[in-house]
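Engineer:
There are 4 protein chains.
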Amino acid sequence: MNIDVGVLGSTGMVGQRFVSLLSDHPWFNIESLAASEKSAGHNYKDAVDWVLDTEIPSKVQGLEVQETKPGLNADIIFSALPSDVANSVEPEFAEAGYFLASNASSYRMETDVPLVIPEVNPDHIELIDIQKRQRDWDGAIVTNPNCSTIILTIPIDAIRKKFDINEIKVSTLQAVSGAGYTGVPSMAIIDNAIPYIGGEEEKMENETKKLLGKIEEGKVKRSNIEFSAQCNRIPTVDGHLENVWIDLEEEIDSTDIKEVLRDYSSVPQDLGLPTAPSNPIKVSNQSDRPQPRLDRDEGEGMTISVGRVRGKKEIKMVTLGHNTVRGAAGASILNAELLAKKGYL
Amino acid sequence: MNIDVGVLGSTGMVGQRFVSLLSDHPWFNIESLAASEKSAGHNYKDAVDWVLDTEIPSKVQGLEVQETKPGLNADIIFSALPSDVANSVEPEFAEAGYFLASNASSYRMETDVPLVIPEVNPDHIELIDIQKRQRDWDGAIVTNPNCSTIILTIPIDAIRKKFDINEIKVSTLQAVSGAGYTGVPSMAIIDNAIPYIGGEEEKMENETKKLLGKIEEGKVKRSNIEFSAQCNRIPTVDGHLENVWIDLEEEIDSTDIKEVLRDYSSVPQDLGLPTAPSNPIKVSNQSDRPQPRLDRDEGEGMTISVGRVRGKKEIKMVTLGHNTVRGAAGASILNAELLAKKGYL
Amino acid sequence: MNIDVGVLGSTGMVGQRFVSLLSDHPWFNIESLAASEKSAGHNYKDAVDWVLDTEIPSKVQGLEVQETKPGLNADIIFSALPSDVANSVEPEFAEAGYFLASNASSYRMETDVPLVIPEVNPDHIELIDIQKRQRDWDGAIVTNPNCSTIILTIPIDAIRKKFDINEIKVSTLQAVSGAGYTGVPSMAIIDNAIPYIGGEEEKMENETKKLLGKIEEGKVKRSNIEFSAQCNRIPTVDGHLENVWIDLEEEIDSTDIKEVLRDYSSVPQDLGLPTAPSNPIKVSNQSDRPQPRLDRDEGEGMTISVGRVRGKKEIKMVTLGHNTVRGAAGASILNAELLAKKGYL
Amino acid sequence: MNIDVGVLGSTGMVGQRFVSLLSDHPWFNIESLAASEKSAGHNYKDAVDWVLDTEIPSKVQGLEVQETKPGLNADIIFSALPSDVANSVEPEFAEAGYFLASNASSYRMETDVPLVIPEVNPDHIELIDIQKRQRDWDGAIVTNPNCSTIILTIPIDAIRKKFDINEIKVSTLQAVSGAGYTGVPSMAIIDNAIPYIGGEEEKMENETKKLLGKIEEGKVKRSNIEFSAQCNRIPTVDGHLENVWIDLEEEIDSTDIKEVLRDYSSVPQDLGLPTAPSNPIKVSNQSDRPQPRLDRDEGEGMTISVGRVRGKKEIKMVTLGHNTVRGAAGASILNAELLAKKGYL
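As given, the protein sequences belong to chains F, R, S and H, one line each in that order. Under full-length UniProt numbering, the first residue of the first sequence is numbered 1, with each subsequent residue one higher. Under full-length UniProt numbering, the first residue of the second sequence is numbered 1, with each subsequent residue one higher. Under full-length UniProt numbering, the first residue of the third sequence is numbered 1, with each subsequent residue one higher. Under full-length UniProt numbering, the first residue of the fourth sequence is numbered 1, with each subsequent residue one higher.
1. If we ignore side chains and look at the alpha-carbon of each, how far apart do D112(R) and G218(R) end up?
2. Can you check whether the C-beta of L173(S) is within less than 8 Å of a C-beta belonging to chain R?
3. Near A193(S), what residues of its chain come up, given a Cβ to Cβ distance below 6 Å and the 5 sequence neighbours on each side ignored?
4. Does the region 221-228 of chain S come within contact of the region 290-299 of chain S, defined as at least 3 CB pairs closer than 8 Å?
5. I want to see whether chain S comes within less than 8 Å of Y181(F), judged by CB atoms only; does it?
6. State the Cα-Cα distance for the pair L241(H) and S148(H), rounded to the nearest angstrom.
7. For the pair the region 153-163 of chain S and the region 193-213 of chain S, tell me if three or more CB-CB distances fall below 8 Å.
8. What are the residues in the region 284-318 of chain S lying within 7 Å of chain R by C-beta distance?
9. Does V325(S) come within less than 8 Å of chain F when only Cβ atoms are used?
10. Going by the beta-carbon positions, is the gap between L320(S) and G198(S) smaller than 8 Å?
11. Anything in the region 208-237 of chain S with a Cβ closer than 8 Å to a Cβ of chain H? List those residues in chain order, please.
12. Along chain S, in chain order, which residues have C-beta atoms closer than 8 Å to that of I246(R)?
13. Since S177(S) meets chain F, which of its residues come closer than 7 Å, beta carbon to beta carbon?
14. What number of angstroms, rounded off, separates the C-alpha of A74(H) from the C-alpha of L63(H)?
15. Between which two residues does the alpha helix (DSSP H) carrying Q61(S) extend?
16. Note down, in chain order, every chain R residue with its Cβ under 7 Å from the Cβ of I190(S).
17. In angstroms with no decimal places, state the Cα-to-Cα distance between K59(H) and R296(R).
18. For D53(R) and chain S, any beta-carbon pair shorter than 8 Å?
19. Specify the secondary structure class of P195(H) as computed by DSSP and reduced to three states.
20. Could you work out which residues of chain F lie near V184(S), taking near to mean beta carbons separated by less than 8 Å?
21. Using three-state DSSP, classify K210(H) as helix, strand or coil.
22. Does any residue of chain H have a CB that is nearer than 8 Å to the CB of L241(S)?
23. Since I225(S) sits in a beta bridge, which residues does DSSP pair it with?
24. Bridge partners of S171(S), per DSSP?
25. I need the boundaries of the beta strand (DSSP E) containing D4(F), first residue and last residue.
26. Along chain S, in chain order, which residues have C-beta atoms closer than 9 Å to that of P155(H)?
27. Among the residues of its own chain, which have a CB less than 6 Å from the CB of G9(S), if the five just before and after it don't count?
28. Would you mind reading off the limits of the beta strand (DSSP E) that contains residue 367(S)?
29. DSSP puts V120(F) in a beta bridge; with which residues?
30. Short check: CB of T68(R) to CB of A34(R), under 8 Å?
31. I want to verify the contact list: residues of chain S whose CB lies under 8 Å from the CB of I194(H), in sequence order.
32. Name the DSSP beta bridge partners of G78(S), please?
33. Which residues in chain S have a C-beta closer than 8 Å to the C-beta of K169(H)? List them in chain order.
34. Which of the three DSSP states is assigned to T319(F) in this structure?
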């Protein structure tokens, strides 16, 4: 495969992750980088204030940043736009025939827009056909969930495929990168924690129910597992940590839960998608793991680390993932790989 | 009142908090400071590696540190000993006729030892009579709970006094001071979080059930509210933050819950105990409060801050308190004030 | 004395410090709080996003925020404006007859504007007469230096009053509050340090030479001590720490230097200005002090802490102060107190 | 080449860096891992509390940890011992015929022990012959300097090879890993900085003078460049940042200094030593770089990043390196590669 791609919002932090992850991609070539008007016309190297601890990939340094409107040379467009911009811009691109793999929250909950984690609900991409027909678009929008949702839902999916779940509670300890580069002032978070992230709890509750739902008659019938989330910001750079309670229908030994998590493998692994980690879930046996700084880069940032699995009917566990890789840019890229492999492009 | 007091473990971090809080106390005079053998014989000023952001109180600077054994000049002994030391030392003092207000975990769960938060279960101090009789001691041990337990139990007590509670889940974000000065290496926690604190979850679950229990026939009948805790360490210096779920027996409007929390007042307030905050609980209406750095010093560190109270049958809320003041040294001092006022000394 | 005062930029972080420090002031009454257009018309309590770890003083909570233009009811105006705004606004106020005690950098280096630290160069306020005459203003602007300059210059002043100094080098470790509340994103500084603060090194070098200069024929003849600064941002909330090298003309024993620092007292102490600390400089004998978190609040944030004084001809030492108190709001207030006491108002 | 190596102090943090860096080494095979008595006899995997953000290399997981005494199967021994242990242990190994590449400070300043940075003074390894003869050892000890010394000395060497230097002043901002895993308690450093590191300033001053010295008549004649250091600990995990003043004999344009730094290449690069970075020094043109979190991993942690080069006669600049790679384990390994290539083993 050899597919030209573009990135919207390419100078922001998630945009930089896209650029970094795509620069060595075996299928995708970065052909177009778009950003706000003030960046357009400049070389990417000059337009971006690069904040990752890697170098700007040499092949994109000289690429001219373009304006954020249809006309970009690309078959797939990755969107790292803030949701207020994505709101109006993404439909323009879809109408103009582009496929968008979007990390923005704007269209995630639309009934005809697939909200997908390739390991969890790859079949939801069928909604694309309905979307194109209904909206009369040549292209389409495919979305991935919010970072904290993904890190929760992957291990939940492993468990619910074997055992019935009644209810889930989750308390999150989220890294500052989740709010974008300037999102959390250092004055707000050094020697501190903030027990509130605007809209996050609702996103986690709603998105998880859609992700775990089934397609029936062209619509997603949402899961009836009960969800309740409390979200906190803490002074970590990358990596969201979550405390999870899972109320099972029946008593199950935690050893069996661990086995199910460890053995979890799904469609991206079967299809050999390039960004798919060989192990979507790593189970730790150390009592004090996973930890953000030590485990966020597991599987190039695409593996979810789970630990402290305990309990019988009410299972407690801890889950962790890299919020800007598996939880954002890497999620969109894996979605695009699924689309490509399934022949949607 | 004019009562001579001593502090065991006076050079450690909680010991320093005791010294700091007692130095201006209207009832208690610091007469004796004890510490390990290597400190004994030195002036307190020379023996201590002072880590608080206040000065060493001038009146104790020249006090000679004594060995940790009976013979200290004091009517009440405050114990900031680590539990392995407290285990053997505290009974020696009690036997020798001292009253111990102990922050150590060693004897908290003994049936004849009061585990007390003066606002929550002041009547539990009656166990002292049984303790003295049973153990044939002239003195007695009175304990306060673990820091994270206190911060949870005070608002829970306010609620359960009005409404029936079935079950409580709590996820904690705890400050590093909770582990003692050298407890958490900086290498372990900068840009990180640790989803495990040894023994903490068990302490929270057991202690809360004892605190909320009733004395029947000379014993504490534990509360049958279900508890489940997950405990995390984060990079904050002081102040434990907790996400709480409270499953009520009936639907209650969260406005009513807030009112109950705001109006909460109890025995220490009625008795006018000097360390008792006029408001044991402060309810915040700001969506992103309480926060450790901004709210831990509320009420000189003795007030619990609660926020984000929401829900109907399942109430969600956030609670925060200063772990080494209300959660440790301040808790023992308030216990001692209750004993003094009630004539136990 | 009973003087009505106003604060410009009252909702920002330095503005909040002004409000906090002025709310209990024995001479000054907060009569007017001004801020940007979007805040004007609202109660201060509603307009401000309060970030200090104290409460909003009750007496100002209901004060209506006003627009930033002459007409405010006040004899002295404190300015916490950003320099680009101060540039045009401050002269308007001075022309309209107000005295401005400004923390902004805009006019610090103007030849007819006093740049003052009351302990160091109180006589520089004479420039006010020249300023008023030259600019035909009824009011006047008096400025205080940059935060990192003040923390350096106070101990330097103590030394140069006794011994000749050839040259000074300084390397700073500055807190994030120095850049304003949103100035340093947490992404930029967690587990990191930034060896650059725009304009800071030039300010330190230029301002110190003006502060240590003498007034000759109505102008400040700048000091000919050589200065060289390197400035760094580190992950501390408040308190700037500085490593200083002082090249003396002659060999002096460091014990003598310490004595000179310890004995330092000046005009604000003689005049009993209310904000003046009784000891402007505290000398620590502990090898690892001063430290930002432990020492920044010394003397209510108005005392400079100095430690590690060593060397003979080339003296090395460490200095620390609270950058938003002694280094900003407290500095302006002390300037205003000097003006009031000297009868300039 | 195929050389068996051992590591002393292999379970500590620097020991783990040795194991990590050596596990893929093209010349060296880890054959022996030694540690304290309590670890000896266990598999490395069980004995070590692994703290790096990589996995324990699979090939050493099952290696049995041995006691720290001669008898280890190895041609080169890497020593990550604390200096008080190294003091007595390293000579035993050297006497028994082992070559030690030691990161300990114990023997660095001995006249017959080479203190070496392969780019700076590779010829100093000749001291080995004198050492073996004088001490009647079959083996020998070769040392690398202290972490903060290396990060300073490499760029200084580049400059002094072209231009005469009179004097150097340096102020350091050092990461907590420099003190070992438990060296800096989190309570001591969160929201704080410590302007003191025991012995560090003396090490920097003495070691640099030896490193830049010339061998004359079998002894190192120390450099007469004047040095003065002030050392600080800040809340970063890895990466020491240093502010440097270099007083040159003559005025040199900073562009020429940058060129000299950029072009710097030396013996390890000529010899193609496997751990040698192709560019020992990277010069940044961004005004706010280098920064610890963004630049410490440059060149796999072996490249020194320099920025903000400015001035004429007195050059100011900022230098940064990874303190446990280039500043510790990587330094010893590069020394061992030099010995191997030069035929000393």
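We put the beta carbon where it would ideally sit given N, CA and C, even for glycine.
Structural biologist: In terms of the structure at hand:
1. Each residue's Cα considered, the two are about 8 Å apart.
2. So, not an interface residue.
3. Excluding sequence neighbours, A193(S) sits near N232, I234.
4. Contact between the region 221-228 of chain S and the region 290-299 of chain S is absent, because fewer than three Cβ pairs lie under 8 Å.
5. Chain S contact via Cβ: present.
6. Cα to Cα, the separation comes out at about 9 Å.
7. In this structure the region 153-163 of chain S lies against the region 193-213 of chain S, because at least three pairs of beta carbons, one per stretch, are closer than 8 Å.
8. Of all residues in the region 284-318 of chain S, R293, L294, D297 have a Cβ within less than 7 Å of some Cβ in chain R.
9. Output row for V325(S): interface = no.
10. Taking 8 Å as the cut-off, the Cβ atoms of L320(S) and G198(S) do not count as close.
11. Along the region 208-237 of chain S, the positions whose C-beta sits under 8 Å from a C-beta of chain H are S228, Q230, N232, I234, P235, T236, V237, read in chain order.
12. Chain S residues near I246(R): none, gap ~28 Å exceeds 8 Å.
13. For S177(S), the chain F residues whose C-beta falls within less than 7 Å of its own C-beta are M187, listed in chain order.
14. A straight-line Cα-Cα distance of about 14 Å links A74(H) and L63(H).
15. DSSP places Q61(S) in the uninterrupted alpha helix (DSSP H) bounded by 58-61.
16. Under a criterion of Cβ atoms nearer than 7 Å, the residues of chain R adjacent to I190(S) are, in order, D191.
17. Computed Cα separation, rounded: 48 Å.
18. Yes - at least one Cβ of chain S is within 8 Å of the one on D53(R).
19. Here P195(H) carries a coil assignment [DSSP, helix/strand/coil].
20. Those are P185, S186, M187, listed as they occur along chain F.
21. Secondary structure of K210(H) (DSSP, three-state): helix.
22. Look at L241(S): its C-beta is under 8 Å from a C-beta on chain H.
23. DSSP links I225(S) through a beta bridge to no other residue.
24. Partner residues in the beta bridge of S171(S), as assigned by DSSP, are Q230(S), N243(S).
25. Element bounds for D4(F): 3-8.
26. The CB of P155(H) never comes closer than 9 Å to any CB in chain S; the least such distance is about 14 Å.
27. The answer, listed in chain order, is G15, A80, L81.
28. The structure shown does not extend to residue 367(S), since chain S is modelled only from 1 through 345, so no value can be given for it.
29. DSSP lists no bridge partner for V120(F).
30. Taking the C-beta atoms as reference points, A34(R) is found nearer than 8 Å to T68(R).
31. What I194(H) touches in chain S: D288, Q291.
32. Looking at the sequence itself, residue 78(S) is Phe, so the reference to Gly does not match. By DSSP's assignment, F78(S) forms a beta bridge with V7(S), A101(S).
33. Contact of K169(H) with chain S by beta-carbon distance below 8 Å involves K169, W245.
34. In the structure shown, T319(F) sits in a strand (DSSP, three-state: E or B).
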